[in-house]
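Peer 1: In UniProt numbering, the protein residues as written are 1 to 489. Note that CB positions come from ideal geometry on N, CA and C, so glycine has one too. First the structure, then my questions, so here it is.
Okay, here's the thing in structure tokens:
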């Protein structure tokens with residue numbers, strides 16, 4: 001293999017890798033590569049960070065390059081060198097200088113060749129004139145090549161800018177994800193501490209109640225032991241008549257109804273966390289599909305509002321009053337609109353569209369479209385009454401079925417028999433001695449839950465299957481005779 005021409009090697013060292021021409025105002029990058037100042041400026045003009053070397057791809061944080069005067073001097077010196085050995089312009093046949101150019105054969109010839117039989121009739125021009133013609137053609141072709149090179153360079157720069165824009169976009173998305181997950185971790189840790197602290201308070205309250213319960217039982221056991229001992233002694237007496245005292249065991253009750261309510265309500269606060277985790281796993285963990293076209297195609301943000309419980313998740317005691325415009329004509333409301341009773345005689349009231357004309361019902365003035373709420377209703381013992389919630393759109397005229405399909409979620413009592421208004425109705429077994437006198441109605445709008453509690457014992461009475469309220473206003477529903485309990489704080 002022939003050795004490389006030193007002039008060609010030198011040309012490679014003084015040629016810019018961007019424009020493929022001699023360096024013009026050469027500058028050096030920190031990586032050691034050199035470029036024309038205009039070329040590297042054009043490569044970096046669309047970038048604000050992550051400046052890279054077009055040759056080795058090394059990235060720099062700042063737009064930094066230094067003029068290279070020594071390289072500029074080498075470029076100027078190399079321009080005077082001839083890349084190819086100088087050709088002797090003499091005719092090989094006659095050893096005469098090549099003076100003319102044969103246009104017929106497209107070759108330079110000497111004057112002897114011109115007068116010879118081979119070229120005598122051919123048109124010729126001076127070789128200098130022919131050289132100028134060829135140089136003009138070369139210059140024309142050179143301009144075309146330079147334009148094509150500029151177009152390719154433009155495509156290259158455009159591609160580089162697009163790739164850097166995508167990398168910048170990806171870096172922004174990466175920082176956003178890191179920030180979002182950091183906030184999410186902080187939120188979850190805070191919620192965990194809060195929930196555990198609440199459970200610890202309940203635990204201490206349970207332990208305190210347990211200790212008091214056991215202490216009372218110990219007192220009762222001690223009292224009964226003393227009584228048994230006394231009675232055994234009396235059995236051995238010879239006297240036939242003696243006074244017999246009888247004691248009855250009073251069960252002090254292990255846990256109050258209020259404590260049971262706190263424990264149940266605490267468990268309900270944990271349910272939204274389960275829902276949040278399901279949404280998070282189902283909506284945020286997205287696997288990249290095979291052959292995805294771009295990075296952004298596979299990133300689906302999970303709305304932060306779905307991950308963080310809102311204030312509507314807190315439980316509030318509703319101060320319910322009765323709406324006289326909805327009351328059946330046979331229902332009499334108290335002056336403060338917090339109790340209702342039934343009379344046989346119908347009142348002379350307007351037959352407005354909101355009023356129940358057949359069913360002995362009345363709705364509360366308040367309505368709910370979000371959140372968790374509860375209120376309490378005094379129902380007394382036995383009798384006929386109904387308690388629950390109803391949709392704003394519930395039918396008011398004629399006979400209606402009191403069930404969820406008709407927009408009513410309620411329980412009722414009729415002659416010491418208790419029912420849940422489902423389809424079909426379900427009996428709620430209550431011994432007469434344990435019949436509830438006060439009902440707590442619990443509404444969780446977002447989860448579509450309606451639950452009833454016996455306030456006296458704290459035990460749940462009935463829970464309807466989850467429903468979809470679909471943004472409709474939900475109002476308290478009552479049937480006579482009942483009274484609303486004072487609002488709790």
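Measure the C-alpha to C-alpha separation of residue 405 and residue 396 and round it to an integer number of angstroms.
Peer 2: 15 Å
Peer 1: Do residue 109 and residue 14 have their CB atoms nearer than 8 Å?
Peer 2: no
Peer 1: With DSSP as the reference, label residue 13 as helix, strand or coil.
Peer 2: helix
Peer 1: Here's the rule: buried if 16 or more other CB atoms are within 10 angstroms of the residue's CB, otherwise exposed. What is residue 326?
Peer 2: So residue 326 counts as buried.
Peer 1: DSSP state of residue 426, grouped into three classes?
Peer 2: strand
Peer 1: Can you pull the DSSP bridge partners for residue 419?
Peer 2: 412 and 427, per the DSSP bridge assignment.
Peer 1: Measure the CB-CB distance between residue 19 and residue 33 and report whether it falls below 8 Å.
Peer 2: In this structure, residue 19 lies away from residue 33, with their beta-carbon atoms at least 8 Å apart.
Peer 1: What's the gap between the Cα of residue 339 and the Cα of residue 322?
Peer 2: 8 Å
Peer 1: Give the secondary structure of residue 478 by DSSP, where H, G and I count as helix, E and B as strand, and everything else as coil.
Peer 2: If DSSP states are grouped into helix, strand and coil, residue 478 belongs with the strands.
Peer 1: Using three-state DSSP, classify residue 178 as helix, strand or coil.
Peer 2: Here residue 178 sits in helix by DSSP.
Peer 1: So, with DSSP's three-state summary, where would you put residue 488?
Peer 2: A caution first: residue 488 carries a pLDDT of 48, below 50, which makes its placement in the model too unreliable to give a value.
Peer 1: From this set, 314, 348 and 315, which residue's C-alpha is nearest residue 324's C-alpha?
Peer 2: 348
Peer 1: Assuming residue 388 and residue 358 are in contact, meaning their beta carbons sit under 8 Å apart, how far apart are those beta carbons, in whole angstroms?
Peer 2: Between residue 358 and residue 388 the Cβ distance is about 18 Å, and since that is not below 8 Å, they are no contact.
Peer 1: Going by beta-carbon coordinates alone, are residue 429 and residue 448 separated by less than 8 Å?
Peer 2: Result no, Cβ atoms of residue 429 and residue 448 do not sit closer than 8 Å.
Peer 1: First and last residue of the beta strand (DSSP E) that includes residue 384?
Peer 2: 384-391
Peer 1: Would you mind working out which of 181, 229 and 480 sits nearest residue 329, comparing C-alpha positions?
Peer 2: 480
Peer 1: Check residue 333 in the structure and name its three-state DSSP category.
Peer 2: strand
Peer 1: How about residue 443 and residue 391: do their beta carbons lie closer than 8 Å?
Peer 2: no
Peer 1: Spatial neighbours of residue 46 within its chain, please: CB distance less than 6 Å, with the 5 preceding and 5 following residues excluded, ordered by chain position.
Peer 2: Within the same chain, residue 46 has close Cβ partners 161.
Peer 1: Applying the 10 Å Cβ sphere with the 16-neighbour rule, what's the burial state of residue 77?
Peer 2: exposed
Peer 1: Give every residue of the same chain whose Cβ lies closer than 7 Å to the Cβ of residue 308, excluding the five residues on either side of it in the sequence, and list them in chain order.
Peer 2: Bear in mind that the predicted position of residue 308 carries a pLDDT of just 48, short of 50, making it unreliable; the figure below should be weighed with that in mind. Excluding positions up to five away in sequence, the list reads 187.
Peer 1: Compare the C-beta of residue 174 with all C-beta atoms of chain E and state if any pair is closer than 8 Å.
Peer 2: The structure shown contains no chain E; it holds only a single protein chain.
Peer 1: Rounded to the nearest angstrom, what separates residue 362 and residue 394 at their Cα positions?
Peer 2: 12 Å
Peer 1: Hey, could you find the ends of the beta strand (DSSP E) residue 112 is sitting in?
Peer 2: Element bounds for residue 112: not the beta strand (DSSP E) but the alpha helix (DSSP H), 111-115.
Peer 1: Over what stretch of residues does the beta strand (DSSP E) that includes residue 317 continue unbroken?
Peer 2: 315-317
Peer 1: Tell me the DSSP secondary structure of residue 155 in three-state form.
Peer 2: helix
Peer 1: Beta-carbon separation of residue 452 and residue 459 under 8 Å?
Peer 2: no
Peer 1: Helix, strand or coil: how does DSSP classify residue 102 here?
Peer 2: strand
Peer 1: Please list, in chain order, all residues of the same chain as residue 37 whose beta carbon is under 6 Å from its beta carbon, the five residues on each side excluded.
Peer 2: 25 and 27
Peer 1: Using the beta-carbon count (16 or more within 10 Å), is residue 210 buried or exposed?
Peer 2: exposed
Peer 1: Can you give me the C-alpha to C-alpha distance between residue 199 and residue 376, rounded to a whole angstrom?
Peer 2: 25 Å
Peer 1: Check whether the Cβ of residue 377 lies closer than 7 Å to any heavy atom of the ligand COA, and answer yes or no.
Peer 2: Although the ligand COA was asked about, the structure shown includes no ligands whatsoever.
Peer 1: CB-CB under 8 Å to residue 172, same chain, minus the five flanking residues each way: which ones, in chain order?
Peer 2: none
Peer 1: Roughly how many angstroms lie between the CA atoms of residue 185 and residue 434, to the nearest whole one?
Peer 2: 47 Å
Peer 1: If you compare alpha carbons, which of 351, 352 and 332 is closest to residue 345?
Peer 2: 332
Peer 1: Residue 23 and residue 72 look like a contact to me (Cβ under 8 Å); what is the Cβ gap, rounded to whole Å?
Peer 2: With 8 Å as the limit, residue 23 and residue 72 qualify as a contact, their Cβ atoms being about 7 Å apart.
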